[in-house]
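Numbering (my numbering), first residue to last: 4 to 201.
Note that the Cβ used here is the ideal one computed from N, Cα and C, for glycine as well.
Small disclaimer: the values here were computed from a predicted structure and weren't measured.
Input: a single structure, listed below in structure tokens.
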Amino acid sequence: MNKIFLTVMVSFFAAGALYANGPAAAPKAAAQFKKYSMDRGYFSCLIPAGWTLEREKERDAAYGIFEIQLIAPGPQKAPVSVFVSYYSKHNDDFDGHADFIDRNSTNALGETRSDTENYEPVKKIKLGARKGFELAREKTAFLHPESKSDESVQLKEKTYVLPARQGFYVLHFSAPSGTFAENLPVFEKIAGSFKGKF
4 MNKIFLTVMV
14 SFFAAGALYA
24 NGPAAAPKAA
34 AQFKKYSMDR
44 GYFSCLIPAG
54 WTLEREKERD
64 AAYGIFEIQL
74 IAPGPQKAPV
84 SVFVSYYSKH
94 NDDFDGHADF
104 IDRNSTNALG
114 ETRSDTENYE
124 PVKKIKLGAR
134 KGFELAREKT
144 AFLHPESKSD
154 ESVQLKEKTY
164 VLPARQGFYV
174 LHFSAPSGTF
184 AENLPVFEKI
194 AGSFKGKF
């Protein structure tokens, strides 16, 4: 399984356990943003100041994938999260942006629809001055895959893939279906402010 979506799934369950029994969420205020710059200037963007930022520098260097994960605050079975990633041309997971799209626009059987997943057609987009692609899917995520529990949550995801002169960039947003729309503007703010080195 590729690094970004493996990491997403692990983070869902870990963060879900962390937040599930937390205090009730306060009424939402407008998100405040601050600037973030990746090491070596690979990319920069605005990030929500109140969200948790996670990064594994050693894994970045080992895989050739430089990324941050942003997790929204508040109690939730599965977290609202955003990944911003630079896949170097020497990354361990994909041969290029087309390979990433091919492997993330259908399930393992090459299907766009199944009992647990629904993929939308890949769309061409323009993000600032960059041409790219949009992927979207809905899926059922089981919260306790290591057990016999069938407790699950319905997730919606949106992913922007941006080709670059060296490697490519991925911006990935995931949220439970019920909170997807209210958090989508945060993702779009991050994406709209994104600048890549290559």
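Cβ neighbour criterion (16 or more within 10 Å) applied to residue i
i	result
SER3	Limits of the chain in this structure are 4 at one end and 201 at the other, which puts residue 3 out of reach.
ASP63	buried
THR119	exposed
PRO51	buried
PHE190	buried
LYS129	exposed
SER108	buried
ALA65	exposed
LEU112	exposed
ALA33	exposed
Proximity below 7 Å, CB of residue i to CB of residue j
i	j	result
CYS48	PHE183	no
ALA194	TYR163	yes
VAL156	ALA75	no
LYS200	TYR45	yes
HIS100	PHE176	no
ALA144	LEU165	no
GLU70	SER88	yes
GLN72	GLU57	yes
TYR90	ILE104	no
Residues that residue i bridges to, as DSSP identifies them
i	result
HIS100	Its beta-bridge partners do not exist; DSSP assigns none.
ASN121	ARG116 and GLU141
VAL87	ILE71 and LEU174
LEU56	LEU73
LYS126	GLU137
PRO2	Only positions 4 to 201 of the chain appear in the structure, and residue 2 is not among them; the question remains open.
Any C-beta of chain C under 7 Å from that of residue i
i	result
GLN35	You won't find chain C in this structure, because it holds only one protein chain.
As assigned by DSSP and simplified to three states, the class of residue i
i	result
GLU61	helix
ALA194	helix
PRO82	coil
GLU76	Checking the sequence shown, residue 76 turns out to be Pro, not Glu. The answer is coil: DSSP assigns PRO76 none of H, G, I, E or B.
LEU66	Residue identity differs from the one stated: residue 66 is Tyr in this sequence, not Leu. Of the three classes helix, strand and coil, the one that applies to TYR66 here is helix, per DSSP.
GLY44	helix
> For the region 130 to 183, which segments carrying the beta strand (DSSP E) assignment without a break, of at least 3 residues, lie completely within its bounds, in sequence order?
Replying inline: Segments of the beta strand (DSSP E) lying fully in the region 130 to 183: 133 to 145, 155 to 166 and 171 to 179.
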